[in-house]
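Visitor:
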Amino acid sequence: MTEQTERARIPFSGPSGGQTSGPPPQPPPGYRNVSSGRVRHGKPGASDKSLEEQETSTDIYEEAEAVKRDAMFTADTYPVGTSGRRGFGSFIRSHHSCIAAGIAVLLSLVAVGLAPLTIINKKEISQLSTTVDALKRCLDDMPLASNTLKHDQDHMPTAVGALKRDQSNMSTTVDALKRDQGNMSTTADALKRDQDDMRQLSTAVGALKRDQDDMRQLPTAVDALKRDQDDMRQLSTAVDALKRNQDGISATVNALKRDQDDIRQLSTAVDAMKRDQDDMRQLSTAVDALKRNQDGISATVNALKRDQDDIRQLSTAVDVLKRDLDKERNGRTALERRFHEMSKMLHLCQEGDGSSYRGTVSVTKTGKTCQRWSMLAPHLHGFQAIMYPSAGLKRNYCRNPDVSTGGSGVWCYTTDRKTRWERCDIPVCGTL
Numbered sequence: 001m002t003e004q005t006e007r008a009r010i011p012f013s014g015p016s017g018g019q020t021s022g023p024p025p026q027p028p029p030g031y032r033n034v035s036s037g038r039v040r041h042g043k044p045g046a047s048d049k050s051l052e053e054q055e056t057s058t059d060i061y062e063e064a065e066a067v068k069r070d071a072m073f074t075a076d077t078y079p080v081g082t083s084g085r086r087g088f089g090s091f092i093r094s095h096h097s098c099i100a101a102g103i104a105v106l107l108s109l110v111a112v113g114l115a116p117l118t119i120i121n122k123k124e125i126s127q128l129s130t131t132v133d134a135l136k137r138c139l140d141d142m143p144l145a146s147n148t149l150k151h152d153q154d155h156m157p158t159a160v161g162a163l164k165r166d167q168s169n170m171s172t173t174v175d176a177l178k179r180d181q182g183n184m185s186t187t188a189d190a191l192k193r194d195q196d197d198m199r200q201l202s203t204a205v206g207a208l209k210r211d212q213d214d215m216r217q218l219p220t221a222v223d224a225l226k227r228d229q230d231d232m233r234q235l236s237t238a239v240d241a242l243k244r245n246q247d248g249i250s251a252t253v254n255a256l257k258r259d260q261d262d263i264r265q266l267s268t269a270v271d272a273m274k275r276d277q278d279d280m281r282q283l284s285t286a287v288d289a290l291k292r293n294q295d296g297i298s299a300t301v302n303a304l305k306r307d308q309d310d311i312r313q314l315s316t317a318v319d320v321l322k323r324d325l326d327k328e329r330n331g332r333t334a335l336e337r338r339f340h341e342m343s344k345m346l347h348l349c350q351e352g353d354g355s356s357y358r359g360t361v362s363v364t365k366t367g368k369t370c371q372r373w374s375m376l377a378p379h380l381h382g383f384q385a386i387m388y389p390s391a392g393l394k395r396n397y398c399r400n401p402d403v404s405t406g407g408s409g410v411w412c413y414t415t416d417r418k419t420r421w422e423r424c425d426i427p428v429c430g431t432l
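Residue numbers (the UniProt record's numbering): 1 to 432.
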């Protein structure tokens with residue numbers, strides 16, 4: 001606004017100034033009536049009425065400012081004198097209403113500014129009165145608090161003496177508790193050791209009972225071992241009979257499997273022979289005595305030590321039995337291997353006339369693959385089913401033609417396009 005109202009004053013030269021002629025004085029080039037280009041001011045969201053009131057007050061204020069600027073311009077432009085006073089008086093008379101309106105606007109602005117200040121002062125005065133009342137109440141309560149403090153201070157020596165006596169009694173009680181705690185810890189350690197001993201004893205008793213059960217099963221295992229030995233004697237005879245009768249092989253194999261299971265059970269029973277059955281009976285008696293009288297534990301422990309020595313001797317005997325059992329197992333393994341080889345050879349050999357071969361060989365001696373004789377690809381042949389009794393077999397095994405047709409040996413109907421028939425490398429049973 002200062003830029004808009006700023007005036008460039010032009011000096012005036014009268015007769016004394018030496019200027020006799022010239023253009024009449026012009027208003028300053030920087031002067032502009034603000035009322036013609038006023039800007040409305042107002043808060044967002046205000047009502048239309050408040051906006052109109054603000055515009056009216058702004059217009060009056062701007063007119064008053066214009067009057068003042070004109071008066072100042074006139075006073076600066078024209079020299080002071082009778083003509084100047086007349087011009088100033090005429091100017092005031094002509095703008096009397098504008099000056100009165102400006103004064104009214106100033107008074108209204110002062111009133112509007114003082115109203116919020118009055119309201120704020122009232123609130124502060126009420127807060128100050130509340131604070132003063134609180135201070136008065138605090139001052140009234142001070143004598144009562146002082147008397148209470150003095151009364152408590154008078155009783156402090158008595159309370160301190162009672163606390164000291166209680167502290168001395170507490171120290172005596174704490175010392176007694178510490179002594180009792182030491183005795184209790186010693187007793188607890190002794191009880192823990194006794195408890196650990198009882199647990200170990202119960203574990204040993206359980207192990208001895210299991211050993212006793214295993215020892216009861218030992219005679220049965222020994223009988224089974226004897227039966228196994230008899231079966232092993234009969235096995236050699238059965239092996240000789242296998243060459244004459246192939247049908248008995250399956251029964252003997254089943255018997256061998258049962259014997260092998262019995263031998264496994266015997267191994268378990270032999271491992272259990274490390275524990276002595278007689279010692280178990282003595283230990284059972286000792287355990288019953290322990291339940292009646294705990295003082296006899298030491299005697300029972302000595303008996304257990306002697307039993308342990310006996311168990312060590314029994315362990316030595318069991319080791320000897322294990323070695324014997326290992327020898328029998330090795331012999332049985334060799335027999336089973338021989339039996340397997342013989343049964344395999346029975347399937348891989350032919351009779352002298354080549355009429356009783358039913359083997360499972362499907363490759364010739366030169367490595368060619370066999371196919372079923374009922375097939376006609378990649379070769380053709382005129383043989384009928386009666387000429388090869390093995391025609392019932394669906395797989396591509398080597399076949400033995402019927403000797404009545406003049407055939408002998410074992411032949412293969414190959415899948416090779418260059419070779420139709422070729423012998424299979426099957427030995428004669430009599431040469432084995």
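Beta carbons: idealized from backbone N, C-alpha and C, even for Gly.
All values derive from a computational prediction rather than experimental measurement.
Going by beta-carbon coordinates alone, are residue 221 and residue 265 separated by less than 8 Å?
Guide: As a working note, residue 221 is residue 221 in the sequence shown. As a working note, residue 265 is residue 265 in the sequence shown. The answer is yes: Cβ separation under 8 Å.
Visitor: What's the call for residue 181, buried or exposed, on a 16-neighbour Cβ count within 10 Å?
Guide: Your numbering for residue 181 matches position 181 in the sequence shown. Exposed, since its Cβ has fewer than 16 Cβ neighbours within 10 Å.
Visitor: Using the beta-carbon count (16 or more within 10 Å), is residue 127 buried or exposed?
Guide: Counting from 1 along the sequence shown, the entry for residue 127 is found at position 127. Exposed: under 16 other Cβ atoms inside 10 Å.
Visitor: Pick helix, strand or coil for residue 380, following the three-state DSSP scheme.
Guide: Stepping through the sequence shown from its first residue, residue 380 is reached at position 380. Looking at residue 380 - three-state DSSP - the assignment turns out to be coil, as it is neither helix nor strand.
Visitor: Taking 8 Å as the threshold, find out whether the segment 365-382 comes into contact with the segment 418-425 through three or more Cβ pairs.
Guide: Yes, since at least three Cβ pairs between the segment 365-382 and the segment 418-425 fall closer than 8 Å, the two stretches touch.
Visitor: What does the alpha-carbon distance come out to for the pair residue 364 and residue 349?
Guide: Here residue 364 refers to the residue found at position 364 when the sequence shown is read from its first residue. Here residue 349 refers to the residue found at position 349 when the sequence shown is read from its first residue. Their Cα atoms are separated by approximately 14 Å.
Visitor: According to DSSP, is residue 193 part of a helix, a strand, or is it coil?
Guide: Locating residue 193 in the sequence shown gives position 193, counting from the first residue. Residue 193: helix per DSSP, three-state reduction.
Visitor: For residue 262 and residue 313, I'd like the C-alpha separation in whole angstroms.
Guide: The residue given as residue 262 occupies position 262 in the sequence shown. The residue given as residue 313 occupies position 313 in the sequence shown. Cα to Cα, the separation comes out at about 26 Å.
Visitor: Please list the segments of the beta strand (DSSP E) lying wholly inside the segment 290-334, counting only runs of 3 or more residues, in order along the chain.
Guide: None, since the segment 290-334 contains no complete beta strand (DSSP E) of that length.
Visitor: Can you tell me where the beta strand (DSSP E) holding residue 412 begins and where it ends?
Guide: Sequence index remark: in the sequence shown, residue 412 carries index 412 (1-based). 411-413 is the span of the beta strand (DSSP E), which, as asked, contains residue 412.
Visitor: So for residue 366, helix, strand or coil by DSSP?
Guide: Sequence index remark: in the sequence shown, residue 366 carries index 366 (1-based). Coil.
Visitor: Could you give the DSSP three-state label for residue 428: helix, strand or coil?
Guide: Your numbering for residue 428 matches position 428 in the sequence shown. If DSSP states are grouped into helix, strand and coil, residue 428 belongs with the strands.
Visitor: Do you know how far the Cα of residue 141 is from the Cα of residue 173?
Guide: Taking the first residue of the sequence shown as position 1, residue 173 is located at position 173. Taking the first residue of the sequence shown as position 1, residue 141 is located at position 141. Each residue's alpha carbon lies about 45 Å from the other.
Visitor: Return the first residue and the last residue of the beta strand (DSSP E) that residue 423 is part of.
Guide: Here the question's residue 423 lines up with position 423 in the sequence shown. Taken as a continuous stretch (DSSP letters only), the beta strand (DSSP E) holding residue 423 covers 421-423.
Visitor: Tell me the rounded alpha-carbon separation between residue 258 and residue 369.
Guide: Sequence index remark: in the sequence shown, residue 258 carries index 258 (1-based). Sequence index remark: in the sequence shown, residue 369 carries index 369 (1-based). Each residue's alpha carbon lies about 40 Å from the other.
Visitor: So if DSSP puts residue 350 in a beta bridge, which residue, or which two residues, is it bridged to?
Guide: Counted from its first residue, the sequence shown places residue 350 at position 350. Paired residues: 428.
Visitor: CA-CA distance, residue 372 and residue 399?
Guide: Taking the first residue of the sequence shown as 1, we reach residue 372 at position 372. Taking the first residue of the sequence shown as 1, we reach residue 399 at position 399. Residue 372 and residue 399: Cα-Cα distance of roughly 9 Å.
Visitor: Restricting to Cα atoms, I'd like to know which of 317, 155, 102 and 201 is closest to residue 305.
Guide: On the sequence shown, position 305 is the one that residue 305 refers to. Closest by alpha carbon: 201.
Visitor: Near residue 281, what residues of its chain come up, given a Cβ to Cβ distance below 8 Å and the 5 sequence neighbours on each side ignored?
Guide: For the purposes of this step, residue 281 is taken as the residue at position 281 of the sequence shown. Closer than 8 Å at the Cβ level, and outside the excluded window around residue 281, lie 212.
Visitor: Within 10 angstroms of the Cβ of residue 102, are there 16 or more other Cβ atoms? Answer buried if so, exposed if not.
Guide: On the sequence shown, position 102 is the one that residue 102 refers to. So residue 102 counts as buried.
Visitor: Where does residue 433 sit, in a helix, a strand or coil, going by DSSP?
Guide: Given a span of 1 to 432 for the chain in the structure shown, any question on residue 433 remains unanswerable.
Visitor: Would you mind stating whether residue 362 and residue 396 have Cβ atoms separated by less than 8 Å?
Guide: Looking up residue 362 in the sequence shown gives position 362. Looking up residue 396 in the sequence shown gives position 396. Yes, the Cβ-Cβ distance between residue 362 and residue 396 is below 8 Å.
Visitor: Give me the residue from 271, 301, 183 and 332 with the minimum Cα distance to residue 433.
Guide: Shown here, the chain extends from 1 to 432; a query on residue 433 therefore has no answer.
Visitor: Taking the Cβ atom as the reference point for each residue, do residue 231 and residue 269 lie within a distance shorter than 8 Å?
Guide: Within the sequence shown, numbered from 1, the residue matching residue 231 stands at position 231. Within the sequence shown, numbered from 1, the residue matching residue 269 stands at position 269. No; because the gap between Cβ atoms is not below 8 Å, this pair is not in contact.
Visitor: I'd like to check one pair, residue 307 with residue 283: are the Cβ atoms closer than 8 Å?
Guide: As a first step, residue 283 is located in the sequence shown; it is residue number 283 there, counting from the start. As a first step, residue 307 is located in the sequence shown; it is residue number 307 there, counting from the start. For residue 283 and residue 307, yes; Cβs fall inside 8 Å.
Visitor: With H, G and I counted as helix, E and B as strand and the rest as coil, what does DSSP make of residue 212?
Guide: As a first step, residue 212 is located in the sequence shown; it is residue number 212 there, counting from the start. Reduced to three states, the DSSP call for residue 212 is helix.
Visitor: How about residue 98: is its Cβ closer than 7 Å to a heavy atom in the ligand COA?
Guide: With respect to small molecules bound, the structure shown includes none, and the ligand COA cannot be examined in it.
Visitor: Only counting the same chain, and skipping five residues up and downstream in sequence, which positions put a Cβ closer than 6 Å to that of residue 334?
Guide: Here the question's residue 334 lines up with position 334 in the sequence shown. If we look at residue 334 and ignore the five residues flanking it on each side, it has no Cβ neighbours.
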